[in-house]
Every structure is written in C-alpha cells, then in structure tokens.
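Read through the structure below, which is laid out as structure tokens, and then see the notes.
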Amino acid sequence: MKLKLLLLLIFLIVPTIASAQKKDLIGYKHKGVIYGATLPNGAKDLGGGLLSNENYGVSRFSRGKKFMLWLEKITERDARGVPSWEVRDVLSFGKLKKNQEFLFSYSSSCLQNGKEKLDLIVQAEFLSKAKTYKIIQAWRANVKREKFEKISTKGIKCAYVKS
Numbered sequence: 000m001k002l003k004l005l006l007l008l009i010f011l012i013v014p015t016i017a018s019a020q021k022k023d024l025i026g027y028k029h030k031g032v033i034y035g036a037t038l039p040n041g042a043k044d045l046g047g048g049l050l051s052n053e054n055y056g057v058s059r060f061s062r063g064k065k066f067m068l069w070l071e072k073i074t075e076r077d078a079r080g081v082p083s084w085e086v087r088d089v090l091s092f093g094k095l096k097k098n099q100e101f102l103f104s105y106s107s108s109c110l111q112n113g114k115e116k117l118d119l120i121v122q123a124e125f126l127s128k129a130k131t132y133k134i135i136q137a138w139r140a141n142v143k144r145e146k147f148e149k150i151s152t153k154g155i156k157c158a159y160v161k162s
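Numbering (numbering that gives the first Met the number 0), first residue to last: 0 to 162.
Laid out in structure tokens, this is it:
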C-alpha cells in the first residue's frame, strides 16, 4: 500500500515540476548567443536553427540534467543584426542516450511523406550498423499557435548524411 501511495505521489508531482519549469521559461527573453555559451538563467546553448518562418527558430539548451528544445521568436535585432529572442514554448527531456539526437531545420535530413518540412522536429536514434535513423518521436513547430505539436512518426524518414 505504501509503495502504491509513493508511486501515485511521484506520478502527480513530477509532471507538476516539469510544468512549472516550462512556465518559468515561457516568455524568457535573451540576446542571441554563441554555441556553448551559458545564458544568465543557467541554460547552456547547444545550437539551433531557423524555421520556415525565419522569425522563429528552435534551439537546443541544457540546464543541469535537463535537455530542452525552445521554440523562440525574434523580437528585434540590434544595430549589428544580432537577434533578441523570446521563448514561446518548451519541450523538456532527461538525458538522451548516446546515439540519440534531434534533427530539425535546414540541417535536418528528415522528410515527411517524401517532402522537406522545415518546421519538423524529430527525435531519432542513429543505428550505426545500418547507417540510418530510427524515429522515436516527432513534433511540428506551429508558429501560428507558437507551440510544439506532437505528431505521428508515420511517413517520417531521416537519411544519414556523412559529414
């Protein structure tokens, strides 16, 4: 009985904590940063890319043991053209497996039903022996709603491109 109660509490508390962290980040504003730099809120920039509407982008950040994808909007540019960003939505993850990655934007080799989609974000596992990706989950960055929308992985294929 105690174990069931403990599991129930964990089940209820963990999503609440994740939701609170997401709410803390939505609306967060920052100046464009260099890959590897750390923002004042402690999030480390891991790179990103622009979407089909180039006033929006998806950026990868880590903070502590959390890995995050931020859907961001350019709010202005300074005299040198450096953008200021505002976080519009957040996806949070625990530590990824060594061979897992996120594929999106212009650097992505992923197609949906045979077509390039710049607003497609894919979590994939690289299968080194087969030199291909296994699709784990996928989202669409909906810039009209300013939200990540989880989508079916059916019809999504990501090719391995040797760098």
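All C-beta atoms in this analysis are idealised placements derived from N, C-alpha and C, irrespective of residue type, glycine included.
Secondary structure of residue i, DSSP reduced to three states
i           : result
residue 79  : coil
residue 105 : helix
residue 22  : helix
residue 47  : strand
residue 151 : coil
residue 89  : strand
residue 7   : The pLDDT assigned to residue 7 is 37, lower than 50, so where the model puts this residue is not dependable, and the model offers no usable value.
Backbone CA spacing between residue i and residue j [nearest angstrom]
i           : j           : result
residue 68  : residue 102 : 11 Å
residue 44  : residue 57  : 11 Å
residue 160 : residue 113 : 16 Å
residue 42  : residue 61  : 5 Å
residue 143 : residue 118 : 12 Å
residue 109 : residue 137 : 11 Å
residue 74  : residue 145 : 13 Å
residue 85  : residue 70  : 9 Å
residue 63  : residue 93  : 10 Å
Residue span of the beta strand (DSSP E) that contains residue i, given as start and end
i           : result
residue 61  : 55-62
residue 137 : 131-141
residue 121 : 119-126
residue 163 : Since the displayed the chain opens at 0 and closes at 162, residue 163 lies outside it and no answer follows.
Nearest-angstrom Cβ-Cβ length linking residue i and residue j, presumed shorter than 8 Å
i           : j           : result
residue 124 : residue 116 : Rounded, the Cβ-Cβ distance is 20 Å, inconsistent with contact.
Just checking, does the region 30-39 make contact with the region 88-104 on the three C-beta pairs under 8 Å criterion?
In short, these stretches do not touch, since the Cβ pair count stays below three.
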